[in-house]
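Note sheet for the following structure.
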Amino acid sequence: MFGSVDVETTGTIPGYHEIVQIAIVPYSNTFERVGTPFCSLVQPEFPDRADPAAQQIHCLALTDAPDRATVIDRLCDWMASLDLPIGTKLIPLAHNWPFEFSFLREFLGFDLFNEIWHYHPRDAMTFAVALNDAYTIKGKEKPFPRVSLKDLCAQFGVVNTNPHDALADSIAEADLFKAMLCALK
1233 MFGSVDVETT GTIPGYHEIV QIAIVPYSNT FERVGTPFCS LVQPEFPDRA DPAAQQIHCL
1293 ALTDAPDRAT VIDRLCDWMA SLDLPIGTKL IPLAHNWPFE FSFLREFLGF DLFNEIWHYH
1353 PRDAMTFAVA LNDAYTIKGK EKPFPRVSLK DLCAQFGVVN TNPHDALADS IAEADLFKAM
1413 LCALK
């Protein structure tokens, strides 16, 4: 099972900046949505470290957001509700997985992160960059001049209903990745 995941953060430095919104949407191996998504705001422990530019991007109101421990407890309950076979992990699907990975591992801790996430991620950004490389090797023009979620969604006709919202971005990433796979010839 895939878990399309996105986080919104207080900045770009894991371990210093924090997750303020997390969303995981479960998908089957054919990229059909299954189950109920997990989505939560998270109260930052160190709001004074927040980069004002990050707040301008995600525009999240965090006054009533639960704390990190509560969100992690809810996430563990949600994982249990998926009723996966013992030892089954979610295959991460994210746009720019290295960014999500670094924040999620810091947020969840090494052990819980490894209980939840499989080690073979999928990532439309990485996929697009690899396809660009393949075209370059063949002497052809790169098919993806820009590889942001916004740009790739526009190129594939995928609608992101609320950019920079973790739930909307998670859904858009899964729709995009599926569209990219279906476009392969």
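For the sequence shown, the residue numbers in this note's numbering are 1233 to 1417. Note that CB positions come from ideal geometry on N, CA and C, so glycine has one too. Quick caveat, the model's predicted, so the values are computed rather than measured.
Tell me whether residue i is buried or exposed, calling it buried when 16 or more other Cβ atoms sit within 10 Å of its Cβ.
i       : result
Gln1253 : buried
What residue does the beta strand (DSSP E) around residue i start on, and which one ends it?
i       : result
Ile1245 : Element bounds for Ile1245: n/a, residue is neither H nor E.
Ile1251 : Ile1251 to Tyr1259
Pull up the distance between the alpha-carbon of residue i and that of residue j, whole angstroms please.
i       : j       : result
Lys1374 : Gln1387 : 13 Å
Ala1293 : Glu1338 : 22 Å
Pro1279 : Lys1370 : 49 Å
Asp1355 : Phe1345 : 18 Å
Asp1299 : Glu1277 : 8 Å
Gly1243 : Thr1358 : 22 Å
Leu1336 : Tyr1367 : 33 Å
Pro1395 : Ala1297 : 20 Å
His1364 : Ser1380 : Reading the sequence as shown, one finds Asn at residue 1364 and not His. Taking the straight line joining both Cα atoms gives about 14 Å.
Using the DSSP secondary-structure output, state which residues sit across from residue i in a beta bridge.
i       : result
Ile1323 : Phe1234
Glu1240 : Gln1253
Arg1306 : BP columns for Arg1306 are empty, so no partner.
From what residue to what residue does the alpha helix (DSSP H) around residue i run?
i       : result
Asn1272 : In the sequence as presented, Asn is not what sits at residue 1272; that position holds Ser. It is not in any alpha helix (DSSP H) - Ser1272 instead sits in the beta strand (DSSP E) that spans Phe1270 to Leu1273.
Check your understanding: Okay, do the stretch 1302 to 1313 and the stretch 1279 to 1291 touch, 3+ Cβ pairs below 8 Å being the bar?
Key -> no
Exercise for review: Would you check if the stretch 1318 to 1337 and the stretch 1233 to 1247 touch, i.e. whether three or more CB-CB distances between them fall below 8 Å?
Suggested key: yes
Point to revise | Any 3 or more C-beta pairs closer than 8 Å across the stretch 1245 to 1264 and the stretch 1401 to 1417 | key: As far as the Cβ criterion goes, the stretch 1245 to 1264 touches the stretch 1401 to 1417, which means the pair count is three or higher.
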